[in-house]
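Visitor: Each residue of the sequence shown is one higher than the last, beginning at 4 in the numbering used here. All C-beta atoms in this analysis are idealised placements derived from N, C-alpha and C, irrespective of residue type, glycine included. A quick note: this is a predicted structure, and the numbers were derived from the prediction, not measured.
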Amino acid sequence: MLTLPPSVRIHVALRPVDMRAQFDGLAGAVRQYIGGDPRSGHIFMFFNRRRTMVKALYWDRSGYCLWAKRLEKGCFHLPEPAADGAAAVEMEASELMLVLEGIDLVGATRRARWIPRLDPSVRPGLAP
Numbered sequence: 004m005l006t007l008p009p010s011v012r013i014h015v016a017l018r019p020v021d022m023r024a025q026f027d028g029l030a031g032a033v034r035q036y037i038g039g040d041p042r043s044g045h046i047f048m049f050f051n052r053r054r055t056m057v058k059a060l061y062w063d064r065s066g067y068c069l070w071a072k073r074l075e076k077g078c079f080h081l082p083e084p085a086a087d088g089a090a091a092v093e094m095e096a097s098e099l100m101l102v103l104e105g106i107d108l109v110g111a112t113r114r115a116r117w118i119p120r121l122d123p124s125v126r127p128g129l130a131p
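#1: Alpha carbons only, please: which of D63, I46, M100 and Q25 is nearest the one belonging to H80?
#2: In whole angstroms, give me the CA-to-CA distance for G28 and Y67.
#3: Counting Cβ pairs, one atom from each stretch, are 3 or more of them under 8 Å apart for the stretch 85 to 96 and the stretch 53 to 72?
#4: Give a yes or no on whether the C-beta atoms belonging to A32 and F49 are separated by under 8 Å.
#5: Residue range of the alpha helix (DSSP H) that M100 falls in?
#6: Below 8 Å between beta carbons: does that hold for V11 and G44?
Dropping the structure here:
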């Protein structure tokens with residue numbers, strides 16, 4: 004499982020990118036297509052036209068890191084673009100892991116998270 008701090012955002016480019024692009028080419032795509040800063044520490048994901056290959060670019064304080072995955076069978080299922088015509092969508096790490104495993108998020112529903120409610124009459128650490 005991919006564990007990232009909450010401050011790291013994952014941006015997925017919806018426009019296909021030439022997978023021959025390396026560090027500088029993908030950093031240029033971040034600036035040009037997504038409008039982001041490739042040195043921000045966030046992760047930027049790019050897919051090829053057939054959606055059989057993905058590359059992730061991120062900055063780790065000392066330089067760019069590039070991660071790639073190529074599927075031997077099938078393709079990645081990306082989220083639908085927003086109605087506003089955005090060039091990228093933001094994903095959570097858990098959603099990205101599902102996409103990288105080949106799971107289509109179209110029919111997936113997110114359940115409400117449980118948040119404990121504290122009874123105002125009971126204060127933590129005090130016996131009733």
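Guide: The short version:
#1: M100
#2: 12 Å
#3: no
#4: yes
#5: A96 to L103
#6: yes
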